[in-house]
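The next block holds one structure in the form of structure tokens; read it before the comments.
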Amino acid sequence: MRFRNWVFTAMMLISSTVQAELSVISGEVRLPPPGTSVAAAYLELRNTSSVELVLASISSSAARHTMFHRVENVDGVMKMRHAENIKLPANSTIKFSPGALHIMMMGVSDLDKDSEVDFEILFESGESIKFLLPVVAQ
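Numbering follows the working numbering, in which position 137 of the sequence shown is assigned residue number 124; successive positions increment by one, without gaps.
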């Protein structure tokens, strides 16, 4: 039992350290076209830790639903697909960009150019990180 508690405590300490080693390099939320309630966010994440991080979900108070999306070629047709999780290898950077991996925001309202949108990424470990991205015109 003591060993089990030690392992759990060690894992929590490692996770806390890992979270501190994830940084948002740059990013933006694109203002949706008039009359639509869907927006996309793009950013670059850097993992400077020595372990892989698994991003389990993302949320934002600016949208009813926020999720990771991938653009995939399915039988010659490009389609957006929900990505259940995103693996960010140790000591690497991942880029969320148009036409590729990105953040889809559905049910968006009241976004203003030059404002900021809050996000929270939940890791598979149960920890999370919060950050802001600026809203820009397309």
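Glycine is no exception: its CB is placed at the ideal position from the N, C-alpha and C atoms.
These numbers come from a predicted model, not from an experiment.
**OP:** Compute the distance between the beta-carbons of Met91 and Arg51, then report whether it is under 8 Å.
**Re:** Translated into positions along the sequence shown, residue 91 becomes position 104. Translated into positions along the sequence shown, residue 51 becomes position 64. Result no, Cβ atoms of Met91 and Arg51 do not sit closer than 8 Å.
Original post:
So Val123 packs on Leu18, CB below 8 Å; how close in whole Å?
Top reply: In the sequence shown, counting from the first residue as 1, residue 123 sits at position 136. In the sequence shown, counting from the first residue as 1, residue 18 sits at position 31. The pair is a contact, with the Cβ atoms about 7 Å apart (cut-off 8 Å).
**OP:** Return helix, strand or coil for Asn34, following the three-state DSSP convention.
**Re:** Walking along the sequence shown from the start, residue 34 turns up at place 47. If DSSP states are grouped into helix, strand and coil, Asn34 belongs with the strands.
Original post:
Just to confirm, are Ile108 and Ile12 a CB contact at a threshold of 8 Å?
Top reply: By 1-based counting over the sequence shown, the position of residue 108 is 121. By 1-based counting over the sequence shown, the position of residue 12 is 25. No, the Cβ-Cβ distance between Ile108 and Ile12 is not below 8 Å.
**OP:** With a cut-off of 8 Å on the beta carbons, I'd call Ile116 and Leu30 a contact; round off their distance for me.
**Re:** Sequence index remark: in the sequence shown, residue 116 carries index 129 (1-based). Sequence index remark: in the sequence shown, residue 30 carries index 43 (1-based). Contact doesn't hold; Cβ gap of about 12 Å is too wide.
Original post:
Helix, strand or coil: how does DSSP classify Ala27 here?
Top reply: Within the sequence shown, numbered from 1, the residue matching residue 27 stands at position 40. DSSP places Ala27 in strand when its eight states are reduced to three.
Original post:
Where does Ala43 fall in DSSP's three states?
Top reply: Against the sequence shown, residue 43 aligns to sequence position 56. Three-state DSSP puts Ala43 in a strand.
Original post:
How far does the beta strand (DSSP E) with Arg68 in it reach, from first residue to last?
Top reply: In the sequence shown, counting from the first residue as 1, residue 68 sits at position 81. Start and end: Val64 to His69.
**OP:** Might you give, ordered along the chain, the residues of its own chain that have their beta carbon closer than 6 Å to the beta carbon of Thr35, omitting 5 neighbours on each side?
**Re:** Translated into the one-based positions of the sequence shown, residue 35 becomes position 48. The answer, listed in chain order, is Glu8.
Original post:
Beta carbon of Val58, beta carbon of Ala87: below 8 Å?
Top reply: Within the sequence shown, numbered from 1, the residue matching residue 58 stands at position 71. Within the sequence shown, numbered from 1, the residue matching residue 87 stands at position 100. Contact: yes.
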